[in-house]
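Just so you know, we're using my numbering here: the sequence shown kicks off at 6 and counts up by one.
Inspection log for the structure reproduced underneath, given as structure tokens.
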Amino acid sequence: MIRLSSFSTAAALLLLAGCASLAPPAAAPVAGPALPAARADAVVKEAWISEQIPDAGLDSLAVWPTEDDGAWLIATAKAADQLVVFDADTGRHLRTVGGPGELPGQFRRPNGIAVWADLAFVVERDNHRVQVLGLPDLRPRGFIGADTLKVPYGLWLQETAPGELELLVTDSFMTDVQAGVLPPRAQMDQRVRRFKVQLDQDGSITGTDAGSFGDTGEAGMLRLVESIGGDPAHDRLLIADEDRRVGSTLRDYTLAGRFRGGSLPVFSADAEGVALWDCDMDSGWWIAVDQLTPTLFRVYDRVSLAPLGTFTGAQVSQTDGIVLYAAGTPRFPAGALFAQHDDRAVAAFDLRDVARALQLHGHCLP
């Protein structure tokens, strides 16, 4: 969820407010028809829920596979300006790193996070940058976008060539945050920033600004943008727009940044985390978060985006970030879906349980 926090007056002009504080819209809703009242098709019990970490403000998640065939679950803690590491098989709290500041290894309002190989990319909203850290030591390796980003939130990565990545970062800067005034229409083509990331053999990391995108029409405009997920096999980006004045939803873009002309039906609450469950080139599912109590997980066909069902956990609520890890671990041989729970904990769902509950069939399932 995009929320307002207190900091300097100058920075406040750029910060994005919570959706509930925004003024009524002038335009009619532009997403698809509103979904019916939230009611899950199934309840899937969590495999585990971690201990609570009060006041951390846990938000987004990433998974890093360890050498012992296990995995770490890494969460951003936006209120504590830290990263929190959990064991992905048990939910045990392993370590906490960072603290408030602008120096390497410090954070200000870390939000989105993604892992590529042995690197963690962390979006820092209030330091206006992406910080790159090495794994497993989580030592800082460099910064990207500090001269370009304004109010960054979410990110997505893909490899474009050996040693080269494309990094997309959502940027939800505002003209007047208190009044909920969006930037001028001409600036709405800057809602997603693109960077070319070079990974050199000497360990250095270089990020080059490669432009931005965002539709400036009513139907495809990204008003309050945070989460983003991609599917290179089908040339698709799903980008969450949390502006309830026009209906919070996921908008369908190409990898080149062109709005396809459609959005998913309006969610009941905020459209939050989105994750691809990839079976093969032509099969799989998208899982998206509808930020309710309990959290409603919406499942869609990978290719057609047709809705296939919904589920809740027994306890998980008010989820921001999710991450899906299909590679498998000793505890979750068919993979797991991990979700943030109520800003204070993280939880795991066995993908086999999700598939059984919604009667999903694919060769990636046992």
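We treat Cβ as the ideally placed atom computed from N, Cα and C, and that holds for glycine.
Going by DSSP, name the residue or residues bridged to residue i.
i, result
"G103", "Q87"
"T175", "V197"
"D283", "G289"
"Q203", "E169 and T211"
"G235", "L242"
Rounded to whole angstroms, how far is the Cβ of residue i from the Cβ of residue j, which I believe are closer than 8 Å?
i, j, result
"A45", "T315", "5 Å"
"I292", "L243", "So it is not a contact: roughly 11 Å between Cβ atoms."
"E277", "A245", "6 Å"
"G117", "S65", "5 Å"
Please state the DSSP three-state secondary structure of residue i.
i, result
"L356", "helix"
"F12", "Summary for F12: the model assigns pLDDT 34, below 50, so the residue's position carries little reliability; its value from the coordinates is reported in the next sentence. Looking at F12 - three-state DSSP - the assignment turns out to be coil, as it is neither helix nor strand."
"L363", "helix"
"R146", "strand"
"Q192", "helix"
"A33", "Confidence in A33 is poor, its pLDDT being 38 and thus under 50, which makes the residue's placement unreliable; the coordinate value appears in the next sentence. Of the three classes helix, strand and coil, the one that applies to A33 here is coil, per DSSP."
"G216", "strand"
"P338", "coil"
"L370", "coil"
"I118", "strand"
"R250", "coil"
"A76", "strand"
"S52", "A small correction: the amino acid at residue 52 is Ala; Ser does not occupy that position in the sequence shown. If DSSP states are grouped into helix, strand and coil, A52 belongs with coil."
"E223", "coil"
"L154", "coil"
Can you name the start and end residues of the beta strand (DSSP E) that residue i belongs to?
i, result
"T324", "Premise fails: T324 is in no beta strand (DSSP E) and is neither H nor E."
"Q163", "P157 to A166"
"F126", "L124 to E129"
"S65", "L63 to P70"
"R349", "It is not in any beta strand (DSSP E) - R349 carries neither H nor E in the DSSP assignment."
"Q136", "R134 to G139"
"K312", "Looking at the sequence provided, one finds Pro at residue 312 rather than Lys. Run containing P312: P312 to T317, per the beta strand (DSSP E) assignment."
"T304", "The sequence shown places Val at residue 304, not Thr. Per DSSP, V304 belongs to the beta strand (DSSP E) from L301 to D306."
Buried or exposed: where does residue i fall if 16 or more other Cβ atoms within 10 Å of its Cβ makes it buried?
i, result
"S209", "exposed"
"P115", "buried"
"R198", "buried"
"S309", "exposed"
"E169", "exposed"
"D207", "exposed"
"P338", "exposed"
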